[in-house]
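*Asks:* Handing you this structure, nothing more for now.
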Amino acid sequence: MRTMTRAGLALLLLPLLCGQAAAAEPPTYNFSPVNQYNLQVSASFWNPIVRYVSAKSGVQLNLKLGRTSADTTSFVLAKEVDFAFTNHLFSPERTKMGWTVFGRRNAEPVRAQIVVPVDSPVRRLSDLANSIVVFPGPEALIAYKMTYAQLLRQNVPVTVAFAGNMDAAFTQLFSGRAKAAGANSQLVGNYSGREDKRFRVLWSSAPFNDLALMASPRVPAEQVRAVAEAFLNMHRDPEGRRILEAAAELVHAPEPLSFVAAGDADYAAYRSFYQAAPAELR
């Protein structure tokens, strides 16, 4: 029998060894936070946080942002995402996807608001009849679905315009292209601080917990726990705290930024909204 040379043996073993190395590579998981700000601010806010959580947890996360909040949510619905920061998954149909809440941003509860510039002649919702009202996008639960539901309940007919994100909606509002905006109270405050703009609130909802950190059922429980621990302990670590402080400064958050543990029960108010919402908004 012909003796195989060392070089020949190495060539035979190379594909096997390469396959083993590839199999040993840890998976990368996509993380998609809904676009609360314009794309540049959203990326600047989240990229340092994602890099920190990846390093501390040992679970590699990749920030996956769409051009608009609706685009970003479409990634989640298409099962292209493994972790999310969102409130777009609490409708009856989407809860069937099996995503679980493990945390939230430690912030004051948010409210759905319908706002106009402080110097606007508009004083009540009825003044908006047959005018343009701008919203961030069709997936925005607080800023669109809840605010538009209120207009429908009060029989105020409006022309709906979608801007893509909250910053773009406010730009349309202050340029005069829209008479009012459906908004998230937290983002109203952030924008006012960043852009020195002042608002008048025409209507405000009951409070709701801030957006949820969520994990897909595809992610092994051990890796979800590691990612959760990294998020929840970030403010206790000097490096993590510096990143959070920079993120809060970027968006002019009124309080220090951190993440706290949360569960599905913390989002019961969102599910209750869907039970009573107009059919076209469920």
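Numbering (my numbering), first residue to last: 759 to 1040.
Glycine included, C-beta positions come from ideal geometry on N, C-alpha and C.
Small disclaimer: the values here were computed from a predicted structure and weren't measured.
Looking at the unbroken beta strand (DSSP E) that takes in Pro875, where does it start and where does it end?
*Replies:* Unbroken beta strand (DSSP E) run through Pro875: 870-875.
*Asks:* CB-CB under 7 Å to Asn796, same chain, minus the five flanking residues each way: which ones, in chain order?
*Replies:* Counting only Cβ-Cβ distances below 7 Å, and skipping sequence neighbours, we find Asn923, Asp925, Ala926.
*Asks:* Is the region 970-990 close to the region 807-819, with three or more CB pairs under 8 Å?
*Replies:* Enough Cβ pairs lie closer than 8 Å, so yes.
*Asks:* On the criterion of 16 or more Cβ atoms from any shown chain inside 10 Å, does Pro894 qualify as buried, or is it exposed?
*Replies:* Looking at its Cβ environment, which holds 16 or more other Cβ atoms inside 10 Å, Pro894 is buried.
*Asks:* Note the first and the last residue of the continuous beta strand (DSSP E) segment covering Gly940.
*Replies:* Start and end: 938-942.
*Asks:* Would you mind reading off the limits of the alpha helix (DSSP H) that contains Met924?
*Replies:* Element bounds for Met924: 924-933.
*Asks:* For Gly856, which residues from the same chain have a beta carbon less than 7 Å from its beta carbon, with the 5 sequence-adjacent residues on both sides left out?
*Replies:* Closer than 7 Å at Cβ, skipping near neighbours: Pro975.
*Asks:* Specify whether the region 998-1008 and the region 886-903 touch according to this definition: at least 3 beta carbon pairs, one from each stretch, less than 8 Å apart.
*Replies:* The answer is no - the region 886-903 does not touch the region 998-1008, with fewer than three Cβ pairs under 8 Å.
*Asks:* When you compare only the Cα positions, how much space is there between Val808 and Ala842?
*Replies:* Going from the Cα of Val808 to the Cα of Ala842 covers about 11 Å.
*Asks:* Classify Trp804 as buried or exposed, calling it buried when 16 or more other Cβ atoms lie within 10 Å of its own Cβ.
*Replies:* So Trp804 counts as buried.
*Asks:* Quick check for students: name the residue ranges of the alpha helix (DSSP H) that lie wholly in the region 956-1009, counting only runs of 4 or more.
*Replies:* Whole alpha helix (DSSP H) segments, 4+ residues: 979-990, 996-1009.
*Asks:* Of the residues Leu821, Leu931, Ala1011, Ala970, which one's Cα is nearest the Cα of Val892?
*Replies:* The shortest C-alpha separation from Val892 is found at Leu931.
*Asks:* Could you tell me the alpha carbon to alpha carbon distance between Thr830 and Asn793, rounded to whole angstroms?
*Replies:* Rounded to whole angstroms, Thr830 to Asn793 spans 7 Å at the Cα level.
*Asks:* With distances taken between CB atoms, is the gap from Ala938 to Leu910 smaller than 8 Å?
*Replies:* Contact: no.
*Asks:* Select from Met992, Leu835, Thr929 the residue whose C-alpha is nearest the C-alpha of Lys854.
*Replies:* The shortest C-alpha separation from Lys854 is found at Leu835.
*Asks:* Comparing C-alpha positions only, which one of Gln944, Gly934, Ser950 sits nearest to Ile900?
*Replies:* Minimum Cα distance to Ile900 is reached at Gln944.
*Asks:* Beta carbon of Leu1039, beta carbon of Ala898: below 8 Å?
*Replies:* No, they are not a contact pair.
*Asks:* Quick one: complete beta strand (DSSP E) runs, 3+ long, within the region 840-889?
*Replies:* DSSP runs (the beta strand (DSSP E)) wholly in the region 840-889: 841-844, 858-863, 870-875.
*Asks:* When the distance is taken between beta carbons, is Asp968 closer than 8 Å to Arg869?
*Replies:* No, the Cβ-Cβ distance between Arg869 and Asp968 is not below 8 Å.
*Asks:* So, are the CB atoms of Pro867 and Pro965 less than 8 Å apart?
*Replies:* A contact, by the Cβ cut-off of 8 Å.
*Asks:* Which residue's Cα is closest to the Cα of His1010: Ala1026, Ala865, Val811?
*Replies:* Among Ala1026, Ala865, Val811, the Cα nearest to that of His1010 belongs to Ala865.
*Asks:* My guess is that Val876 and Arg956 are in contact by the Cβ rule of under 8 Å, so how many angstroms apart are they, rounded?
*Replies:* Val876 to Arg956, Cβ: 4 Å. Contact.
*Asks:* If I measure Cβ to Cβ from Ala779 and keep anything under 8 Å in the same chain, skipping five residues before and after, which residues do I get?
*Replies:* Model confidence at Ala779 stands at a pLDDT of 45, short of 50, so the residue's coordinates are unreliable and nothing is read from them.
*Asks:* Can you give the Cα-Cα distance for Glu838 and Val977, rounded to whole angstroms?
*Replies:* Answer to the nearest angstrom: the Cα atoms are 12 Å apart.
*Asks:* Report the rounded CA-to-CA distance for Arg958 versus Ala979, giving the unit in angstroms.
*Replies:* Taking the straight line joining both Cα atoms gives about 45 Å.
*Asks:* Once DSSP output is grouped into helix, strand and coil, what is the label at Asn820?
*Replies:* In this structure, Asn820 counts as strand in the three-state DSSP scheme.
*Asks:* What number of angstroms, rounded off, separates the C-alpha of Gly861 from the C-alpha of Ala1023?
*Replies:* When rounded, the distance between both Cα atoms is 12 Å.
*Asks:* Which first and last residues belong to the alpha helix (DSSP H) in which Thr905 is found?
*Replies:* Start and end: 905-911.
*Asks:* Suppose contacts are defined by Cβ-Cβ distances below 8 Å. Is Val811 in contact with Phe989 by that definition?
*Replies:* Yes, the pair counts as a contact, with Cβ atoms nearer than the cut-off.
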